[in-house]
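Protein chains in written order, with my numbering: chain H, 1 to 318; chain F, 319 to 636; chain Z, 637 to 746; chain A, 747 to 856.
Positions of the beta carbon are idealized from the N, C-alpha and C atoms, including for glycine.
Here's the structure we're looking at; comments come further down.
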Ligand SMILES: [Zn+2]
Ligand SMILES: [Zn+2]
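Here it is, written out as structure tokens:
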């Protein structure tokens with residue numbers, strides 16, 4: 001089995017042929033996708049399209065975290081679910097759709113809300129995390145966990161006619177290493193006042209607005225995985241020195257991009273804008289040498305994210 | 319029934335609540351979506367996500383045109399289809415998915431390739447057209463038909479790591495009216511040499527790249543419909559003088575945007591750019607006072623699109 | 637490039653998004669002429685602009701959704717010519733004519 | 747802003763996309779210094795730039811994928827500072843220092 005001449009199954013060459021022939025992916029990129037694992041936290045308006053395109057591209061293992069069940073009011077934007085599955089847990093409903101799209105992938109469903117108790121254990125077995133949640137408490141918890149475990153994070157959000165996207169902790173270096181990408185706390189050291197936070201339920205959301213952001217999250221994840229994720233402990237890095245391209249179309253490898261924030265506004269002209277972001281903050285509570293967000297602090301419960309974000313009403317949905 | 323106090327059914331308030339509460343949609347916008355009809359030509363990488371978000375948003379009638387059947391190599395990007403439906407026609411497969419997502423919509427399947435013989439008859443019963451095809455001959459045929467019938471056109475394309483999107487013939491004024499938006503021939507008077515045209519099959523395509531463009535097509539369609547389509551024969555315009563907003567969040571109506579081309583390049587920084595386009599061309603073969611593309615020319619077959627575009631091999635796929 | 641008051645005011649573009657536009661007459665883009673110097677005669681910086689916006693531009697009285705402790709509240713990113721203000725000296729950045737200063741509220745929906 | 751040759755050449759950015767970059771060393775963005783005047787002493791316009799690109803920059807010999815009948819082939823949009831060149835005088839547009847000229851092949855995939 002190890003001596004196989006063809007590293008992919010025959011049907012995989014067929015299924016992924018259209019992306020395999022591209023120099024940006026190639027055979028090596030496809031193998032990286034196949035052996036990679038991505039955790040999608042939140043299976044709503046962002047998580048649905050993101051998971052669909054990750055499964056389509058051949059990501060080997062996709063984890064889905066969400067404590068909610070499917071409601072009729074979700075269906076205008078949460079396209080992995082269906083009217084017949086209203087009432088089913090979102091993770092179960094999504095798993096049905098993803099399996100129909102690409103049965104070669106493995107899909108793991110975590111049907112409760114992410115908490116500080118569970119975050120480290122769940123995140124541990126994934127290479128890359130997508131933040132598709134809808135509240136500040138989850139966003140800080142996810143970012144902190146990604147920094148502690150050295151996982152790159154693709155974070156997006158959307159409301160009404162606007163969307164935002166950032167790639168964080170990429171490359172994922174240990175806290176204190178200034179070569180790592182900034183984390184969510186570098187950009188937003190303090191949480192917003194609870195009364196300024198508007199949910200999609202209250203503010204409204206246009207389906208394709210959140211849809212575009214979710215698809216772009218899948219794209220960023222695919223770019224990071226096919227480029228090769230550099231693990232923070234240098235011993236176990238994934239063949240970063242190997243040449244990346246197997247095709248005739250030789251191309252220089254695409255270096256990781258500088259930290260940036262993509263803004264989308266459906267009724268503005270131009271609709272998309274790219275903002276340059278800072279690098280790691282020297283006093284960041286999470287990713288600096290002076291970090292106070294440690295593994296112990298997180299698991300002991302001394303970091304109360306809900307309290308920290310001063311949520312007015314209890315966080316219902318992840 | 320006409321005197322009903324609530325213009326939408328109860329379950330529709332629930333299903334569309336998150337977009338109804340937005341001033342850009344409102345009750346009037348939702349009613350416009352419900353009574354609108356959109357034709358999606360091409361149910362591949364662009365048409366799948368576009369149709370999904372249109373159905374989700376509550377477009378009353380969606381037509382799907384495609385002569386192909388589902389293949390395994392489609393599934394990395396054509397997310398309405400599924401592994402179990404390989405071999406089924408794409409329009410039938412898409413109809414299954416759309417009905418599951420939103421059974422309140424009407425979905426019409428046209429399972430053959432669009433030709434000059436059939437274009438006018440099919441297009442006639444739709445308010446707006448999405449060009450989700452993959453070859454120049456179809457793009458000229460679709461644009462010409464839209465100009466002849468006065469339908470706005472949302473046109474997109476994608477290849478490898480790049481995508482392009484234009485809103486054409488919007489507002490959809492009669493040929494010769496310089497207030498109408500430019501058509502495809504205004505921007506591209508002559509077709510490209512056949513040998514310069516690369517298909518996704520030959521060039522490759524990254525799933526989320528074409529996915530983003532398809533979702534953005536749905537968004538542009540929703541913006542045009544909720545704003546109110548101005549029909550070219552002024553007699554039958556749709557309540558363009560009525561106030562658009564029913565909610566407390568009063569807002570000035572969003573005027574149609576000036577003609578522009580949105581460029582996407584997944585590995586460039588910035589990834590999105592907006593290009594200003596020309597208005598209608600005074601000598602355009604299709605939309606000017608000197609137009610030679612007439613209804614008679616089109617239906618009589620004197621316009622041979624395949625010949626015009628000098629296709630090397632016969633067009634296989636629409 | 638005409639003379640006259642051009643020494644005393646500078647013209648800049650100020651943008652609000654992510655919902656902040658609702659505090660500013662629901663208008664995303666404002667072309668403003670602001671004084672070249674602040675109250676104490678120093679060159680106008682972003683800290684001064686924030687005070688100026690609160691006092692002379694904002695109609696809404698929910699000021700706490702924009703400022704807290706004399707600076708923009710947490711959860712607002714300030715972008716100076718499409719770069720995070722943390723790259724440009726934060727509120728001490730001295731404003732130049734033609735600058736684009738964008739106040740952006742982070743979104744949390746998903 | 748140094749002197750010297752600055753009178754004889756202008757510095758511009760030329761971009762290729764939609765597949766055209768493959769004809770130009772697979773490089774999308776080129777910073778070029780081109781002569782201020784064309785062969786006949788006229789101010790350099792886009793028509794001259796196209797000739798210059800063919801002769802001095804393009805390595806690929808499939809010239810017919812870029813030019814036809816002395817101008818860019820059908821299916822290529824020329825963008826001058828992010829606007830369709832049809833808004834700027836097409837190939838008669840006189841190039842200014844700092845201009846961004848973008849040659850874009852239309853895509854047809856879907
Ligand atoms: Zn940090
Ligand atoms: Zn035209």
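- In the three-state reduction of the DSSP assignment, residue 121 of chain H falls in the helix class.
- The beta carbon of residue 522 of chain F is closer than 6 Å to those of 478 in its chain, skipping five residues each way along the sequence.
- Residue 267 of chain H sits in coil when the DSSP states are folded into three classes, being neither helix nor strand.
- In this structure, residue 809 of chain A has its beta carbon at no less than 6 Å from each heavy atom of ligand 2.
- With a threshold of 16 other beta carbon atoms within 10 Å, residue 179 of chain H falls short and is exposed.
- Residue range 682-688 is occupied by the alpha helix (DSSP H) that includes residue 684 of chain Z.
- The secondary-structure analysis by DSSP pairs residue 480 of chain F across a beta bridge with F:477, F:583.
- Around the beta carbon of residue 721 of chain Z, 16 or more other beta carbons sit within 10 angstroms, so the residue counts as buried.
- For residue 131 of chain H, the enclosing beta strand (DSSP E) has its first and last residue at 128-131.
- Remark: C-beta atoms of residue 500 of chain F and residue 434 of chain F do not approach each other more closely than 7 Å.
- Taking the C-beta atoms as reference points, residue 266 of chain H is found no nearer than 7 Å to residue 526 of chain F.
- The C-beta of residue 212 of chain H comes closer than 7 Å to at least one C-beta of chain F.
- Apart from sequence neighbours up to five positions away, the residues of its chain that approach residue 407 of chain F with a beta-carbon distance below 6 Å are 387, 429, ordered along the chain.
- Excluding sequence positions up to five before and after residue 694 of chain Z, its CB lies within less than 8 Å of the CB of 659, 660, 702, all in the same chain and listed in chain order.
- Residue 391 of chain F has its alpha-carbon roughly 6 Å from the corresponding atom of residue 17 of chain H.
- Spanning the alpha carbons of residue 128 of chain H and residue 41 of chain H requires a straight line of approximately 11 Å.
- Among the residues of chain Z, those whose CB is under 7 Å from the CB of residue 190 of chain H are 710, following chain order.
- Set against 6 Å, the gap from the CB of residue 464 of chain F to the closest heavy atom of ligand 2 is not smaller.
- Listed in chain order, the non-local C-beta contacts of residue 817 of chain A below 8 Å within the same chain comprise 793, 796, 837, local neighbours out to five positions each way being set aside.
- Restricting attention to A:839, A:855, A:765, the CA atom closest to the CA of residue 788 of chain A is found in A:839.
- If you compare the alpha carbons of F:353, F:424, F:609 with that of residue 382 of chain F, the shortest gap goes to F:424.
- Listed by position along chain Z, the residues whose Cβ is nearer than 8 Å to that of residue 159 of chain H are 654, 655, 743, 744, 745.
- For residue 778 of chain A, the enclosing beta strand (DSSP E) covers residues 775-781.
- The region 360-372 of chain F makes contact with the region 528-544 of chain F; the number of CB pairs closer than 8 Å reaches 3 or more.
- In the DSSP assignment, residue 626 of chain F falls within the alpha helix (DSSP H) that extends over 623-626.
- Residues of the region 660-674 of chain Z that bring their beta carbon within less than 9 Å of a beta carbon in chain H comprise 664, 665, in sequence order.
- Remark: the shortest separation between the CB of residue 597 of chain F and any heavy atom of ligand 2 does not fall under 6 Å.
- Note that the region 127-145 of chain H does not touch the region 277-284 of chain H; fewer than 3 beta-carbon pairs, one per stretch, sit closer than 8 Å.
- In the three-state reduction of the DSSP assignment, residue 334 of chain F falls in the helix class.
- In the structure shown, the three-state DSSP call for residue 31 of chain H is helix.
- Chain H places no beta carbon closer than 7 Å to that of residue 696 of chain Z, leaving this residue out of the contacts.
- Distance from the C-beta of residue 604 of chain F to the nearest heavy atom of ligand 2 is below 6 Å.
- At a Cβ-Cβ threshold of 7 Å, residue 378 of chain F and residue 544 of chain F do not count as neighbours.
- The Cβ neighbour count for residue 509 of chain F, taken over all protein chains shown within 10 Å, is at least 16; the residue is labelled buried.
- In this model, residue 716 of chain Z and residue 725 of chain Z are separated by some 10 Å (Cα to Cα).
- Taking a Cβ-Cβ threshold of 9 Å, the residues of chain H close to residue 334 of chain F are 73, 76, in chain order.
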